[in-house]
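Chain order of the listed sequences is R and L. Everything in the first sequence is counted per the numbering used here, starting at 1 for the first residue and increasing by one. Everything in the second sequence is counted per the numbering used here, starting at 1001 for the first residue and increasing by one.
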Amino acid sequence: DQQVKQNSPSLSVQEGRISILNCDYTNSMFDYFLWYKKYPAEGPTFLISISSIKDKNEDGRFTVFLNKSAKHLSLHIVPSQPGDSAVYFCAASARGGSEKLVFGKGTKLTVNP
Amino acid sequence: KAGVTQTPRYLIKTRGQQVTLSCSPISGHRSVSWYQQTPGQGLQFLFEYFSETQRNKGNFPGRFSGRQFSNSRSEMNVSTLELGDSALYLCASSRWTSPRTDTQYFGPGTRLTVL
């Protein structure tokens, strides 16, 4: 049972435009969410996170939005750059217990020059 | 400072064999977590070690095991390999154990192919 879902395996956008990557979750105990970026032949690197007490977190060109009622979060990249081309993983952690990260399957973003 | 290193980077084994993968965390990091990445399942949590003790375990069969040494280096072992074990195995280290307060840094992974 996939508790964190990234329903779009791939996304292609033009350089300079906005990239929106989506993530849905089913476990209502999740209250901390993270995005990781992964280039080929490298491990994932942390990008941005958000706690459930917020509905938005911004870091430069990257903004994460959280809609708790819909159990949905999204990552916005503005403006998109060719160097942003990578696989993006959404991850979630539940309060209490192990707090281990549960990852989605990833979305491959391609930014075309 | 040096990042997380994993050895070997690539490995080819046959069904029924066993394999040991190694992970050296960032200096000063005491927590090591292991993940399996496959195209169909994404990243799946295997287990986490902190100060030589397994703190958490994912939903994998007992063929998957691990350990951590006093210098925080970690190994994972897969016995009686199956074709479905072919995957990228990622190791991540952090100073402490909570991903909410402490960023996990990933190594480049070990690509295991089972023939």
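Note that the Cβ used here is the ideal one computed from N, Cα and C, for glycine as well. Remember, predicted model here, so these are calculated numbers, not experimental data.
When Cβ-Cβ separations below 8 Å define contact, Phe30 of chain R makes no contact with chain L.
Neighbours of Val1004 of chain L across chain R, judged by C-beta separation under 8 Å: Gly43. A straight line joining the alpha-carbon of Thr1080 of chain L with that of Phe1064 of chain L spans about 10 Å.
Contact between Ala86 of chain R and Lys37 of chain R holds, with the beta-carbon distance rounding to 5 Å and staying under 8 Å. Remark: C-beta atoms of Phe1069 of chain L and Glu1052 of chain L approach each other more closely than 8 Å.
Beta-bridge partners of Trp35 of chain R (DSSP): R:Ile48 and R:Cys90. Straight across, the Cα-Cα distance linking Thr1110 of chain L with Leu1090 of chain L is about 7 Å. Closer than 8 Å to the CB of Lys56 of chain R there is not a single CB belonging to chain L. Lys108 of chain R has its alpha-carbon roughly 32 Å from the corresponding atom of Arg1073 of chain L.
If you draw a 10 Å sphere on the C-beta of Ser19 of chain R, you find 16 or more other C-beta atoms in it, and that means buried. With respect to chain L, the C-beta atom of Lys105 of chain R has a partner C-beta closer than 8 Å. Relative to the Cα of Arg61 of chain R, the nearest Cα in the group R:His76, R:Ser10, R:Ser8 and R:Ser51 belongs to R:His76.
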